[in-house]
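What follows is a single structure, written as structure tokens, with notes after it.
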Amino acid sequence: MTEKYAELIDKVRATSPLVHHITNYVTVNDCANITLGIGASPIMADAIDEAADIAAISSAVVLNMGTLNERTIPSMLAAGKSANEKGVPVVIDPVGAGASQLRNETVVEQLKEIRPAVVRGNISEIRFLAGLTAETKGVDAADGDKLAGDEAMAVARDLALKLGCVVAITAAVDVVSDGGRTVLIENGHEKLSGLTGTGCMCSSLIGSYCGANPELPLESTVAALLSMGIAGEIAFANSGDKGNGSFRVSLHDAISRMDAATIEKYARVREA
Amino acid sequence: MTEKYAELIDKVRATSPLVHHITNYVTVNDCANITLGIGASPIMADAIDEAADIAAISSAVVLNMGTLNERTIPSMLAAGKSANEKGVPVVIDPVGAGASQLRNETVVEQLKEIRPAVVRGNISEIRFLAGLTAETKGVDAADGDKLAGDEAMAVARDLALKLGCVVAITAAVDVVSDGGRTVLIENGHEKLSGLTGTGCMCSSLIGSYCGANPELPLESTVAALLSMGIAGEIAFANSGDKGNGSFRVSLHDAISRMDAATIEKYARVREA
Amino acid sequence: MTEKYAELIDKVRATSPLVHHITNYVTVNDCANITLGIGASPIMADAIDEAADIAAISSAVVLNMGTLNERTIPSMLAAGKSANEKGVPVVIDPVGAGASQLRNETVVEQLKEIRPAVVRGNISEIRFLAGLTAETKGVDAADGDKLAGDEAMAVARDLALKLGCVVAITAAVDVVSDGGRTVLIENGHEKLSGLTGTGCMCSSLIGSYCGANPELPLESTVAALLSMGIAGEIAFANSGDKGNGSFRVSLHDAISRMDAATIEKYARVREA
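Line by line, the protein sequences give chains L, Z and F. According to this note's numbering, the first sequence is numbered sequentially starting from 1. According to this note's numbering, the second sequence is numbered sequentially starting from 1. According to this note's numbering, the third sequence is numbered sequentially starting from 1.
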């Protein structure tokens, strides 16, 4: 069953899709390097005077509102609309939704103006999008996220139906749903939560897979989260308790060496 | 004597305080990762429309003017004032004060509008704040800093009294003063000056400690600088002469493994 | 023949020139660390209210348009003009020239308003500047670059004559020309193309060498590209097939240990 996810990486490495990011300045370097590591080609361009142009020539667009501001909010809208017009898949990462009025209004407007292929967030962020009460503590997943498996499945499925796209909630067990099918991914390692940007990097990987396999947004999202989860496991196996710096290096190593055989071998994935 | 500093890390790791940064885009990723590494939770948010909101829900605010611009200068003021209203400790890092008129005016305005808990800089930057002649060469410490121990103590003490806050001058020997007590820290390694952002990371660590221990700004600042200095020593012991890349990885490793026992064991700290 | 390039590093390490960057937020941390690694001192300052002031006190200015926007475009012009007035060498890195109208117009204006000491790009970007048809796919070198050796020499020479400066095209074989002399550098490793920012880092190294040796822009550019290429070879020798994360760490290690003897030993450089 896992080969349908695993084989998608071959097309990423074969076609090297251009993935346009409008993303935050905290983790942008990790996003660029992880995009290269999985075999795609990153471009970061957030000026309003070129956002739509660059989106139009890209294979996927990733909109990450981690450090949104009045300059980049319109650029994200312009890039998303341009991508929609050209049939380029859009990944929305609503970083910190629920944490401020500005973030809340921004993501609501994005979802009104843009049709995403995939929305990825932690449970707090996705809960906010679903209109449920959310307590978002900053931009990292709160502890409660680890216990939210059953609820996460329902939230992801409902929001996917509401938005007509794939919704991914990343946590100890990742949930991916397109409203019809819902997939659970048990790969990963708790040390991933000790690094900044692992969520952002997941969104970049989703963009990379969707850019190469635009007709398969659910499978692409699953393959991306499998890649990150498995890379986290391999990274811990290679770096052990050395610490966060070594774990991060090993994570980038593992992504850059990821292939279909590795995904097939390690994947712990099932449909709900 | 060192246990009063060492034990403060336990509360950082136990409470994971949210540390709001408005900081530069050069070293922001290191700041986020070091904040996670010491056990706190970073959030970077510099839009004027959310800076005050985010500051109000945070446990500490770090204002670093490394790459200030007309968009972030008002955001820093808004975040600082909001933090002051809520009793949230503010750490000011006057990167490059003395190097341009814009930086000089900005830090003067910050100190007029915001009551910091801690101000941290190198000797050139702190000398500028103290109204003394400063020759700031860029954003990194000039050579003279290494020889400025005695002067540094006097400058730190005087500025602490003038501002009514803790002042920290980081150099080969760090000086921390609240005007009454002055503490000297001899930990550290010269290779730290070969990496960008070690000063910024110190300010993030100060924010992390102050966020968890707001009633103890002097001790928090000392504990933060001990953590960085000791991590530098451990990093050099582990990476040796391999080079700057390996040293940096080992530095993040050491911070993520830092605990009270390690601080107690290695601390070389004394009151002046 | 290689000693005239190799010896230039001694002056970088001896004088630690201040290198002012207005650059993109994707790779800015790598640029700062590589600048420190080679022995120079980075300062990143892009506010219009200080760009000219900082440029005037610097030893070199690097203008990299990787994530240009309406705020930084005027700052780049102000910094470049200020540097020209003071005789400070300017390095222009036209990232993504050819990929959007905004980038095209920006670099054309820069070359009209600023007299660069060195322009460095990949073949697509330099072809655009030369007024030739270019297909720029994003910000990374396209595959065709590897085959473009002979054409690259002609393009570099012609553009150098047209602009009256040094032009460098980085690829599997780097080409550096001042219009009179044209130099080919065969050092490097294909894994460099798996990391983001290796081109940006080359420009930072060129700025560092030019800052210390402003009277020798051709030799400084060659020495900078030799440093990067040789560091790539050493990094691969030390990290092997571990992956991109380890290769990156080893690259920074190798730059921080680079010296004249290493450059002389490994350089594969010849005049065309």
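The beta carbon of each residue, even a glycine, is placed where N, CA and C say it ideally should be.
Helix, strand or coil at residue i according to DSSP, with G and I counted as helix
| i | result |
| --- | --- |
| L:His-252 | helix |
| L:Leu-63 | strand |
| Z:Ile-185 | strand |
| Z:Ala-168 | strand |
| L:Ile-48 | coil |
| F:Ile-92 | strand |
| F:Ser-227 | helix |
| L:Pro-74 | helix |
| F:Ser-41 | strand |
| Z:Gly-232 | helix |
| L:Arg-120 | strand |
| Z:Glu-7 | coil |
| Z:Glu-190 | helix |
| F:Gly-180 | coil |
| L:Leu-218 | helix |
| F:Gly-98 | coil |
| F:Gly-57 | Before going on, a small fix: residue 57 of chain F reads as Ile here, not Gly. Note: F:Ile-57 maps to coil in three-state DSSP. |
| F:Thr-2 | coil |
| Z:Gly-80 | helix |
| Z:Ile-130 | Note that residue 130 of chain Z is Ala in the sequence shown here, rather than Ile. The answer is coil: DSSP assigns Z:Ala-130 none of H, G, I, E or B. |
| Z:Asn-33 | helix |
Bounding residues of the alpha helix (DSSP H) (the contiguous stretch that carries residue i)
| i | result |
| --- | --- |
| L:Met-201 | 198-212 |
| F:Gly-240 | Element bounds for F:Gly-240: n/a, residue is neither H nor E. |
| L:Arg-103 | 101-113 |
Below-8 Å beta-carbon distance, residue i vs any chain F residue
| i | result |
| --- | --- |
| Z:Val-269 | no |
| Z:Asn-29 | yes |
| L:His-189 | no |
| L:Glu-50 | yes |
| Z:Ser-246 | yes |
| L:Ser-256 | yes |
| L:Ala-47 | yes |
Within-8 Å CB hit, residue i to chain Z
| i | result |
| --- | --- |
| F:Tyr-266 | no |
| L:Leu-18 | no |
Residue i - containing beta strand (DSSP E), residue span
| i | result |
| --- | --- |
| Z:Asp-158 | Element bounds for Z:Asp-158: not the beta strand (DSSP E) but the alpha helix (DSSP H), 149-163. |
| F:Asp-259 | That residue, F:Asp-259, is in no beta strand (DSSP E); it is neither H nor E in DSSP. |
| Z:Ser-177 | 174-177 |
| Z:Leu-18 | 18-22 |
| F:Glu-271 | 269-271 |
| L:Val-26 | Where L:Val-26 is concerned, there is no enclosing beta strand (DSSP E), given that its DSSP letter is neither H nor E. |
Residue i: contacting residues in chain L (beta-carbon distance under 8 Å)
| i | result |
| --- | --- |
| Z:Ala-298 | With chain Z represented from 1 up to 272, any question about residue 298 of chain Z goes unanswered, as that position is not in the structure. |
Closer than 8 Å to chain L by CB, residue i
| i | result |
| --- | --- |
| Z:Leu-251 | yes |
| F:Ser-208 | no |
| Z:Arg-127 | no |
| Z:Asp-53 | yes |
Under 9 Å by beta carbon: chain Z residues contacting residue i
| i | result |
| --- | --- |
| L:Gly-37 | By Cβ distance, chain Z contributes nothing, its closest Cβ being about 16 Å from L:Gly-37, past 9 Å. |
Cβ-heavy atom distance, residue i to the ligand PLP, below 7 Å
| i | result |
| --- | --- |
| F:Ile-48 | Summarising the ligand content, the structure contains no ligands, and the ligand PLP is consequently not present. |
is_contact[residue i, chain C] using C-beta, thresh 8 Å
| i | result |
| --- | --- |
| F:Lys-242 | In the structure shown, chain C does not exist; the protein chains are L, Z and F. |
Interface partners of residue i on chain Z, CB under 7 Å
| i | result |
| --- | --- |
| F:Ile-263 | Here the premise fails: no neighbours, minimum Cβ distance about 16 Å. |
Under 8 Å by beta carbon: chain F residues contacting residue i
| i | result |
| --- | --- |
| L:Ala-32 | Val-26, Thr-27, Thr-196, Gly-197 |
> Any residues in the segment 93-124 of chain Z with a beta carbon nearer than 8 Å to a beta carbon of chain F? Which ones, in chain order?
Replying inline: Gly-96, Ala-99, Ser-100, Gln-101, Leu-102, Arg-103
> For the segment 62-77 of chain F, which residues have a beta carbon sitting closer than 7 Å to at least one beta carbon of chain L?
Replying inline: Thr-67, Leu-68, Asn-69, Glu-70
>> So if I threshold CB-CB distances at 7 Å, which residues from the segment 159-192 of chain L count as touching chain F?
In response: none
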